[in-house]
Amino acid sequence: MKIIEQHPVLVLASLGILSGYLGTLGLGFGFGEAPGLGIYMIHAGLLFGLVVAFGVWTWGKRSWTAAAVALLATWVG
Numbered sequence: 005m006k007i008i009e010q011h012p013v014l015v016l017a018s019l020g021i022l023s024g025y026l027g028t029l030g031l032g033f034g035f036g037e038a039p040g041l042g043i044y045m046i047h048a049g050l051l052f053g054l055v056v057a058f059g060v061w062t063w064g065k066r067s068w069t070a071a072a073v074a075l076l077a078t079w080v081g
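In the working numbering, the protein residues as written are 5 to 81.
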């Protein structure tokens, strides 16, 4: 737990990389090509929203409302 408290940027960056990898897992690794619209966008946005909500909960205001708003705003964005 000390690592999470002492290195928030490292933890959020690692979780962001993991969520990006999991969100695009089904797309393959085609560099230089923009993927088409699809259901994977909902999955990727939800995963990244969970990372942002975790950051708000852990290092911001510990409120279910604040975490839920962060998750929804990130997911919609």
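Think of the CB as a built atom: it goes at the ideal place given N, C-alpha and C, for glycine as much as any other residue. Remember, predicted model here, so these are calculated numbers, not experimental data.
- prompt: How far does the alpha helix (DSSP H) with leucine 26 in it reach, from first residue to last?
  reply: 12-27
- prompt: Comparing alpha-carbon positions, which option in Val55, Ala77 and Val13 lies nearest serine 23?
  reply: Val55
query: Given a threshold of 16 other Cβ atoms within 10 Å of its Cβ, counted over all protein chains shown, does leucine 14 qualify as buried or as exposed?
result: exposed
- prompt: If you draw a straight line from the alpha carbon of proline 12 to that of lysine 65, how long is it in whole angstroms?
  reply: 15 Å
- request: Rank Thr28, Thr62, Ser67 and Ile21 by C-alpha distance to the C-alpha of lysine 6 and give the top, closest one.
  value: Thr62
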